[in-house]
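Sequence order for the protein chains is A and B.
Here the first sequence is numbered in this note's numbering, starting from 5 and rising by one per residue.
Here the second sequence is numbered in this note's numbering, starting from 5 and rising by one per residue.
For reference, the structure discussed in these notes is given below.
There are 2 protein chains.
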Amino acid sequence: MTYSVKFLPHNVSVEVDDNESLIRAAMEAGIHINASCGGSGVCGKCRVLIEEGNVEGGISEHLSSEDREKGYRMACLSEVISDIVVRIPIESEMDTSRLNIHAASRHTAKVMYSNIDELRHDGLFIPPVEKIYLELDSATTENNQADVARIINHLRLKHGEHRLIMGLEVIRKVSDIIREGDFKITVTIVRPVREDGQNEIVNIEPFDTRNRNFAIAVDVGTTTVYGQVLDLQTGKVLSEHGEFNSQISYGEDVISRIIFAEKDDGLEILHQKVVETINKIIEKIIKKAKIGKREVTTITLAGNSTMTQLLLKINPSYIRRDPYVPASIMYPPFHASQIGIDLANHTIALIYPGVSSYVGGDIIAGVMASGIYRASELTLYMDIGTNAEIVIGHKDWMVCTAASAGPAFEGGGVKFGMRATNGAIEDFSINPVTYEPMILTVGNKKAKGICGSGMITLAAKLLETGVINSRGKFNQTLDTPRIRKTDDIWEYVIVYKENTQIDRDITITEPDLDNLIRAKGAMYSAVLTLLKEIGLKVNDIEKIILAGGFGSYVDLESAITIGLLPEIETEKVTYLGNGSLLGCKINCLTNALRRDVAKVVNMMTNFELASTPSYMDHYMGALFLPHTELNYFPRVKERLERLRK
Amino acid sequence: MTYSVKFLPHNVSVEVDDNESLIRAAMEAGIHINASCGGSGVCGKCRVLIEEGNVEGGISEHLSSEDREKGYRMACLSEVISDIVVRIPIESEMDTSRLNIHAASRHTAKVMYSNIDELRHDGLFIPPVEKIYLELDSATTENNQADVARIINHLRLKHGEHRLIMGLEVIRKVSDIIREGDFKITVTIVRPVREDGQNEIVNIEPFDTRNRNFAIAVDVGTTTVYGQVLDLQTGKVLSEHGEFNSQISYGEDVISRIIFAEKDDGLEILHQKVVETINKIIEKIIKKAKIGKREVTTITLAGNSTMTQLLLKINPSYIRRDPYVPASIMYPPFHASQIGIDLANHTIALIYPGVSSYVGGDIIAGVMASGIYRASELTLYMDIGTNAEIVIGHKDWMVCTAASAGPAFEGGGVKFGMRATNGAIEDFSINPVTYEPMILTVGNKKAKGICGSGMITLAAKLLETGVINSRGKFNQTLDTPRIRKTDDIWEYVIVYKENTQIDRDITITEPDLDNLIRAKGAMYSAVLTLLKEIGLKVNDIEKIILAGGFGSYVDLESAITIGLLPEIETEKVTYLGNGSLLGCKINCLTNALRRDVAKVVNMMTNFELASTPSYMDHYMGALFLPHTELNYFPRVKERLERLRK
């Protein structure tokens, strides 16, 4: 159910979902309402008048009973439950004059969903680890072939299965299981990637257990590890959970982890830490899904090359040393218990292959999930994080690279930076006259800091209103106490301490903006460099797919305004979510994809930015908001001119 | 150097090796000399006169100085060092009259050698586990492919190697090793059995280590385990050692071991015991060969189906239960350390495939070693032991079966039975007039008991001289104190206690003979049953190959006389030695053989005697010496008639 919300005097409407908070509706519509508490209802500044329709809630001690009767409500506490018309109180004449040049509406990317039914319909829903039920002939004097031969011959003759092998661990239990099930058994088979590869029988159970076949997908992120339980019968996600990668205490980024791994026992420690994290997640999602560990037949894991090598206990030292060589890009299937994962001995682990030291399995998983390798339009795939991975191409070719963006997008290197957890400022608007802010926080809690998507919107809005210039420096002449110099550093006060959870003013500083500019510059110049290497231009890009932790809430126009994303119609941007996790999920569900993966890895051309001379030039040019070359951003150029006229 | 020894008054000559003992030369020639002490020089009965030529030694206190001067010597203490003429003192007139009907000369089987140079010449000397030396291109910015990809691509492009896989354990060390060797490395590859199988890289070492590639061959016998170290560069055996299988304390034969394995922890205990035995052997042969454990790339093991399953810790229970089903007949290659064998992690274990519960890997190894699967003549292969395995066939087809002979051939179920160790009576002759014995023992020590080959000769000679009849019963009318009844059991005294090590008379009893008859009957009737099933007759057999522990010294004519072997010219019998060990050795040396093994296993038709109705009839007929049907043994029939006339 959606409702229409009309804002007056701006005369701007927006469609919102049932129970959406009114302040978020305003932010969505690009309507500024002063609000300092992040939507927690304590600052009392977001008073609005409901002129038509009804909202739920919206009452607080900041409203007199008289105001309440007139129809005033606190926007942050009001939930939309019908079509409404809302009037925003105007603070000054100047505000009125600028009513018609309100900021761009908020545009988040469409979320891309994977369609299991489509896989099933295309006959591709054959998991890499499959269960087959067999009703064998009983052993008799006339037919007393060995138990293993009985199974393999039956699979060959009755199921058309060939090139079958069975390891010692399975052979050890065959005779007992076959008789426990009275010659009715279910075998678990791991399919090969190559058509001419071997099918390995990795488990055998008595009777028919086909309806108990589960998989786990795990995205092994540098910062966060996510896991899902999948039902391989239905393709459904049964449970999901994320935890911080407990390697974090040994280094924030991959380089510091590699350095730690080079110390005595460092590799062993990091290996154990990530395995502990994975085991913790497995424990939770298994319990939530109400399944047994022994029913998990497969686990697919994806991570960047360093995370992959640490997970597998492979010395990652050469990843960070010129010429940046990973140990391997493909790994054979193995038993999950071999690396300490707390699953049954028969559970098979599949590791996503990568391309190079800095384009790992996580990005390949995302590429597979996004379908770029099947696309006909020229597509830009960006996984934004501390290490940003970029792929450009379509079904015929793909190029990829990785840029070290630094931690600014994940809240690092920013004075009040934080991850997108409760109290993080995730959205922002600024009154172009008073320079008073409007903020929204994750969970509508009092502010604690600023998350990545918040930083992007902050920078964009400060730029649009002229609070900062294209180099990220504050306009020191503006008449507001919020722009100030503390300890020799210029900053803008977003929330005064009384409205924070931290008893300090939350500000954004010039060094913060500098870090952000360098991060977005690294990404954008990586895109330009790739395009130049393949002889294309930025406006050849027909489609953008965003992946990564912070991509879901980022305002696309803001991201374009600061020059993080190339300028493109926002409808052409889709958001994949955790591409790595999604890729793992699809991998668990269809073996056809694993074959495609091998093709994709082979067709992907990797560029090392460090050894591509044009990169540094592109990088220097990208250290502006949005860019030194404004022709790359005609829409932003036009808006900036209009807003500042 | 060989010498001619002529015996008078028999006028029989024999060729013997330098330093052969004179008493063994006599036994070889079929000349009887009374001798009770086994050749240890204590009974003083074997006085002979050297008429021409010289011997070394031969002097004892049993000879007066006068006798010595005349040229008398003790035969058992004399070594032949020139051509000689020897006169045997005749004890009675009756002896003289029978001089010309002395027993048949001793015939042992020709030993079959495997020829490594022939393998090399045929291009077959490619071990299943091979080392390949690679000089890789160094990693550069232009060529910074992953380390594993670098190796695999190099093998593909420069060595024509395809379908390569590498397990996680190897991938873990690739990056360090490759740099330790400055991009010069040696990879160890396990070849597949099938042409279209995968080549697994199981180890990687810095620099060129091709000249350090060793294998171990192990015959896992129910009673004894033998191991050899092989140099895979030269094909030479560097060291060898045997130990009793320490499972013995849990049961003498496979059935009692299976019953023990069915108890709590029984399987685990038996598994550990045989692995301990193997590890003890490995320790010794590695040391003797002066090689390092890490230099052993492969170990091939063969055993009967029960030994194989106990070694691999697979419940053997169904092997002994109708319809006698083994867990598997083929096993994949695995890491030796997986079953507790004390070798490096990279050492690959290959297990000889079998055919059925009672025709196991040991017999297939023997078949491979014997070359029967390449023969054009119809060949009978017999591995004689507690469990006797029999194969009949040639290059186009083979049939096999196993007979439970009981332990008589290995010294079990016989009152004074023992294994063929020092003091075991291994050869025997009897004076046809006085019924006094001539015995030879292993190591020329005072007698302790009778070994398998000794039993066969004893039975044959007693039969030839009429001491026993064709049912193995003593002729109670003969005039000799050696035939007597003790505790209601008839027996023949072979050695009086004063000449033994055990202070008891060593005898052979009617129950002993009964056990022997049943054992040889089981084997012979198994041969007849197989022949009948394939529509052939016993005289169609063109060649016999004997394998097994006791086969090396057995007197072929005696074995034919008692009806253990079909009657055939003794030159057509060859002795393979430990066929199982030899098969393991060849398996370590040439992968071509492993492909043949798969073919052999498939072309071999197995008969279960228990479910072959004609077996019982054949068995009943074979419970005679040599057989109820004397036409099967025309030569024996003729000899018996001649000797007893």
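Each residue gets a CB set at the ideal place from its N, CA and C atoms; glycine is no exception.
Small disclaimer: the values here were computed from a predicted structure and weren't measured.
DSSP-derived helix/strand/coil call for residue i
i	result
residue 598 of chain A	helix
residue 444 of chain A	strand
residue 625 of chain A	helix
residue 362 of chain A	coil
residue 298 of chain A	helix
residue 608 of chain B	strand
residue 311 of chain A	helix
residue 230 of chain A	strand
residue 400 of chain B	coil
residue 654 of chain B	Lying before the first or after the last residue shown, residue 654 of chain B is absent from chain B, which here runs from 5 to 649.
residue 421 of chain B	strand
Partners in chain A for residue i, counting only beta-carbon separations shorter than 9 angstroms
i	result
residue 145 of chain B	326, 327, 328, 612, 614, 615
Buried versus exposed call for residue i [16 or more other C-beta atoms within 10 Å across all chains shown]
i	result
residue 617 of chain A	exposed
residue 68 of chain B	exposed
residue 401 of chain A	exposed
residue 5 of chain B	exposed
residue 459 of chain B	buried
residue 598 of chain A	buried
residue 413 of chain B	buried
residue 249 of chain A	buried
residue 360 of chain A	buried
residue 477 of chain A	exposed
residue 378 of chain B	exposed
Boundaries (first-last residue) of the beta strand (DSSP E) holding residue i
i	result
residue 78 of chain A	76 to 78
residue 489 of chain B	487 to 490
residue 82 of chain B	82 to 84
residue 581 of chain A	577 to 581
residue 385 of chain A	383 to 387
residue 219 of chain A	218 to 224
residue 257 of chain B	Where residue 257 of chain B is concerned, there is no enclosing beta strand (DSSP E), given that its DSSP letter is neither H nor E.
is_contact[residue i, chain A] using C-beta, thresh 9 angstroms
i	result
residue 593 of chain B	no
residue 619 of chain B	no
residue 346 of chain B	no
residue 201 of chain B	yes
residue 360 of chain B	yes
Proximal chain D residues relative to residue i, where beta-carbon distance stays under 8 angstroms
i	result
residue 152 of chain B	Any reference to chain D falls outside this structure, whose protein chains are A and B.
Limits of the alpha helix (DSSP H) - the one that residue i falls within
i	result
residue 639 of chain B	638 to 648
residue 210 of chain A	That residue, residue 210 of chain A, is in no alpha helix (DSSP H); its beta strand (DSSP E) goes 203 to 210.
residue 163 of chain A	151 to 163
residue 378 of chain B	Neither: residue 378 of chain B is in no alpha helix (DSSP H) and is coded neither H nor E.
residue 246 of chain A	Counting along the chain, residue 246 of chain A falls outside any alpha helix (DSSP H), though it belongs to the beta strand (DSSP E) covering 241 to 248.
residue 457 of chain A	456 to 468
Neighbour list for residue i in chain B, Cβ cutoff strictly below 8 angstroms
i	result
residue 180 of chain A	319
residue 172 of chain A	316, 335, 336, 338, 342, 343
residue 557 of chain A	Within chain B, no residue comes near residue 557 of chain A; the closest Cβ sits about 36 angstroms away, beyond 8 angstroms.
Test: residue i CB closer than 9 angstroms to a CB of chain B
i	result
residue 394 of chain A	no
residue 149 of chain A	yes
residue 183 of chain A	yes
residue 259 of chain A	no
Where residue i meets chain B, residues with beta-carbon distance less than 7 angstroms
i	result
residue 367 of chain A	Residues of chain B passing the Cβ test: none, with the nearest at roughly 15 angstroms.
Proximal residues of chain A, C-beta to C-beta of residue i below 7 angstroms
i	result
residue 169 of chain B	336
residue 322 of chain B	179
Under 9 angstroms from the C-beta of residue i: neighbouring residues of chain B
i	result
residue 175 of chain A	316, 318, 331, 332, 335, 336
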